[in-house]
Structure formats: structure tokens, C-alpha cells
Amino acid sequence: MIISVTPASNLATILEPAVQILSRSRLVAIPTETVYGLAANALDSAAVNAIYTAKNRPPDNPLIVHIGAREMLQPLLPKDTRVPECYRELMDRFWPGPLTIILPAAATVPRVVTAGLDTVAVRYSSHSITTVLINACGFPLAAPSANKSGRPSPTTAQHVINDFGSEIDCVIDGGQCEVGLESTIVDGLGPEKVILRPGAISLEQIQSCRGWENTRIYSADDNAAPRAPGMKYRHYAPQAPVMIFKHGISTERLKECMEMQVDSASGKMRVGLLHLGAEWPVSLPECVEATSYSLGEDATTAGQRLFDGLRAMDTMDAVWVLGMDEKGVGGAVMNRLRKASTREIH
Ligand code: TXA
Ligand code: MG
């Protein structure tokens, strides 16, 4: 079932079938301001198990729990535990919104949600459909991005349908996601406060909060046991190999590198080009048959369009991307691109 929501829809009424489906331990794909999520009742182990099966998700990669009001937070924490002070300013400034925080988990949060960790990731989305849905359900929703494991995250209902077809009971179509990149994940529980995944709430914004001045983006190489288990998996990749040309690369070097990538002897090569601005900045090798996809004018539009662009390039022989400045959201865009790519050329 596809529930199409328009600005004129009465949310409580139109979402009622989705509430029923979730209450029966089944899955519903939901729009959020970041990407679409594949949601189940977070307090129901059987329902959450169905998410792992549908996505083909490794069982050691925990899920984010979505709440629809601050009051839903306390029951997720161990008895007599308060939200750590270091999260107060972050929550006040960025919730509801594209920020996920890591908290100590109550024993009542199913192990399948946390993948056996003693912490739980929590997000309060600003999307009105998701907020109304969660509050109508009366329970929080566990929701990873609604893509098959390893694929680019979905930013439209059609992306979800392309990955799952009729495998899931219900997709709520809320249009294109406003941010387009998954939430920023922060962990303030360890001796060092870290950003586990950069997102639309940028490094600079997190660093402007008290106690977070020295935070940095955690890298999987830092430690043998990754603090965000999802980091060790390949992500976001279209079927074609993705190559990044580093931001600021000279025209001569870019031309030289493109020539090295093509094998003129084997005929035409179908290349998908992702770039800011109207067109690829230099002329292409002769044997390249190009499909160009503009990421818009700046890092914000690049975030909105990136996953759609990667999905559009599925059938190409190769995908070439021009890197961008890593300030603000640009850092999150480049983080996703690096995970999707096989090489970065300097
Ligand atoms: O924007 C988003 O966050 C989207 C929408 C649907 O809300 N959700 C999303 O979920 O991106 P997912 O499952 O694709 O990514 C969740 C990430 C994974 O890298 C996972 O390892 C990490 O969060 N994670 C979940 N629980 C964690 C925990 N307790 N400690 C550390 N990392 C955790
Ligand atoms: Mg994901």
C-alpha cells in the first residue's frame, strides 16, 4: 500500500492504516527530513527482526530509535538514569532535526535494536508525518534507512519501491527528503566526545556547543572495535565503480586522469558524471559517452541530490565525481562519496 500525503491531507486520518500495520508488528517505510526510513515498533523484537531480514542487514549493525516527543526519551534509558548533561544544548538547538545521540539503553530496549550494545541511538525527527505517526502509535519506531543493505539511501518513495517492491506492506510518500543525507550521529558517552557520522548538523555547529569544542569526526581506523558498527560496511554504492576527482584538481590534471581511465581500444565507455554547476568543467575523452547529473549549486543541494544521482548511475560502466569543499554540509557529502567510491584521485 502506498499512502500519498499532500499538504491538504488530514495526517491523523490518512496515517491510520500505517498505525494499524505497525501495531501488528509489520513494517512501514516513512519519510523523514534526512532520508526515508524502514520502520517497526522499536519495543517489539519480532517486528525489528523483520527489518534486518527485509534489508539483508548484518545483525551486528544497530538501529536508530525515533521518538515523537521528548517524553518518549526517558523510558529508553535505564531506571534512575538521566540524559547526560553534555547533550542538553545539542537537544535544545537541533531537536527535532537531523541529529542522533547515543544514550545508555534501558533493559527494555530489545537487544535486536542495539545489536547487543549497552547503548541506544535516538533521534527526534522534525518531519511532521513521522512525528504524527509515532505519536499516534504511542511507541517509538526503530528505523534504518529504507534501502537494501549497501545501496544508496532513499530520498524519495520511488527509491524505496525500487529496492523493496511489494516486500513491505506500506510506503508513506511524503515527497523528496529535504536534507537528503542521514542524520549526524554524536557520542558524548566516552572519554572523548565524537561525531560518529557527519550530517547536515555540521562539525562546526556541533563544536559551537558547550563541551563539544574539541570534538572531531571519528574514524573507523582509530580503534579496532568501531564505535559505530555500521561504519565498517561498504555503503551507498551504485552498481558501477565510483571515482572521485579531488576538489581543486587542475584542469590539466583532470584531463590527464580521465584519459588514463579510459581504454580507447575497447570502444565506447558509458560514464556517469556528478558535479556541482550546470556541466562538467572540461571536455571529455573521445570514447566517453557521458550522462551528466548536476548536484546543484552548493553543498546543500548536493546533499539533497547525491543519492538520487548515485542511483541514476546504476547502469553506467563508471561514475566520475568532482569533489567539493568540505566545509559545513560539504563534509557530509564527501563522507558519503568516499564510502561509495573505489578511488579518489589527487
Ligand atoms: O537520518 C537517519 O539517521 C536515518 C533516518 C531514517 O532516521 N536513519 C539511518 O539509519 O541512517 P541507519 O541504520 O542507516 O544508520 C544508523 C547508524 C549505523 O551506522 C549504526 O551503526 C549506528 O547508526 N548506530 C546505531 N545504534 C548505535 C549505537 N548504539 N552506537 C553507535 N552507533 C550506532
Ligand atoms: Mg543506512
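Numbering (the working numbering), first residue to last: -18 to 327. Cβ atoms here follow ideal geometry from the backbone N, Cα and C, with glycine treated the same way.
Reduced DSSP secondary structure (H/G/I, E/B, other) of Leu184: As a first step, residue 184 is located in the sequence shown; it is residue number 203 there, counting from the start. DSSP places Leu184 in helix when its eight states are reduced to three.
C-beta atoms of Pro12 and Ile166 nearer than 8 Å: On the sequence shown, residue 12 is found 31 positions in, with the first residue counted as 1. On the sequence shown, residue 166 is found 185 positions in, with the first residue counted as 1. Contact: no.
Quick check on this structure: which residue in Ser106, Asp99, Val64 has the alpha carbon closest to the alpha carbon of Pro121? Indexing the sequence shown from 1 puts residue 121 at position 140. The residue with the shortest Cα to Cα distance from Pro121 is Ser106.
Let me know if Glu66 comes out buried or exposed under the rule of 16 or more other beta-carbons within 10 Å of its beta-carbon. Taking the first residue of the sequence shown as position 1, residue 66 is located at position 85. Exposed, by the Cβ-count rule.
Curious, which full-length alpha helix (DSSP H) runs of at least 4 residues does the region 57 to 112 contain? 69 to 75, 92 to 95
Please report the straight-line C-alpha distance between Cys118 and Ala283, rounded to a whole angstrom. On the sequence shown, position 137 is the one that residue 118 refers to. On the sequence shown, position 302 is the one that residue 283 refers to. Near 34 Å, if we compare the C-alpha coordinates of Ala283 and Cys118.
Over what stretch of residues does the beta strand (DSSP E) that includes Cys151 continue unbroken? Position 170 of the sequence shown, counting from 1, holds the residue named residue 151. 151 to 154 is the span of the beta strand (DSSP E), which, as asked, contains Cys151.
Using the Cβ count rule (16 or more neighbours within 10 Å means buried), how would you classify Arg178? Within the sequence shown, numbered from 1, the residue matching residue 178 stands at position 197. The residue is buried, with at least 16 neighbouring Cβ atoms inside 10 Å.
In the DSSP assignment, find the unbroken beta strand (DSSP E) run with Met250 in it and report its ends. In the sequence shown, the residue the question calls residue 250 occupies position 269. Counting along the chain, the beta strand (DSSP E) containing Met250 begins and ends at 250 to 256.
Taking all protein chains shown into account, decide if Glu14 is buried (16 or more other Cβ within 10 angstroms of its Cβ) or exposed. For the purposes of this step, residue 14 is identified with residue 33 of the sequence shown, where counting begins at 1. Glu14 is buried by the Cβ-count criterion.
Over the uninterrupted alpha helix (DSSP H) stretch that includes Glu237, give me the two end residues. In the sequence shown, counting from the first residue as 1, residue 237 sits at position 256. Run containing Glu237: 232 to 242, per the alpha helix (DSSP H) assignment.
Name the one or two DSSP bridge partners that Tyr274 has. As a first step, residue 274 must be located in the sequence shown, where it is residue number 293. Answer by DSSP bridge pairing, in chain order: Leu255.
Does ligand 1 have a heavy atom nearer than 7 Å to the CB of Pro79? As a working note, residue 79 is residue 98 in the sequence shown. Yes, Cβ of Pro79 sits closer than 7 Å to a heavy atom of ligand 1.
Give me whichever residues DSSP pairs with Leu19 in a beta bridge. What you label residue 19 is simply residue 38 of the sequence shown in a count that begins at 1. Ala10, per the DSSP bridge assignment.
When you compare only the Cα positions, how much space is there between Ala10 and Val141? Position 29 of the sequence shown, counted from the start, is the residue given in the question as residue 10. Position 160 of the sequence shown, counted from the start, is the residue given in the question as residue 141. Each residue's Cα considered, the two are about 8 Å apart.
Do you know offhand how far Gln139's Cα is from Ile(-17)'s? Within the sequence shown, numbered from 1, the residue matching residue 139 stands at position 158. Within the sequence shown, numbered from 1, the residue matching residue -17 stands at position 2. Distance between the alpha carbons of Gln139 and Ile(-17): 10 Å.
If you reduce the DSSP assignment to three classes, tell me which class Leu318 lands in. Your numbering for residue 318 matches position 337 in the sequence shown. It is helical.
What does the Cβ neighbour count give for His228, buried or exposed, with the cut at 16 atoms within 10 Å? Residue numbering aside, residue 228 sits at position 247 when the sequence shown is read from its first letter. Looking at its Cβ environment, which holds fewer than 16 other Cβ atoms inside 10 Å, His228 is exposed.
Integer Cβ distance of Leu54 from Val64, believed to fall under 8 Å: Sequence index remark: in the sequence shown, residue 54 carries index 73 (1-based). Sequence index remark: in the sequence shown, residue 64 carries index 83 (1-based). Sure, about 6 Å apart at Cβ, within 8 Å.
Just reading off the beta strand (DSSP E) that Arg5 is part of, what are its end residues? Taking the first residue of the sequence shown as position 1, residue 5 is located at position 24. From DSSP, Arg5 is part of no beta strand (DSSP E); its letter is neither H nor E.
Name the DSSP bridge partner or partners of Ile(-5)? Sequence index remark: in the sequence shown, residue -5 carries index 14 (1-based). The partner list for Ile(-5) (beta bridge, DSSP) is empty, contrary to what the question assumes.
Determine the burial state of Met297: buried for a count of at least 16 other Cβ atoms within 10 Å of its Cβ, exposed for fewer. On the sequence shown, position 316 is the one that residue 297 refers to. That one is buried.
Does ligand 1 have a heavy atom nearer than 7 Å to the CB of Pro121? As a first step, residue 121 is located in the sequence shown; it is residue number 140 there, counting from the start. Checking every heavy atom of ligand 1 against the Cβ of Pro121, none is found closer than 7 Å.
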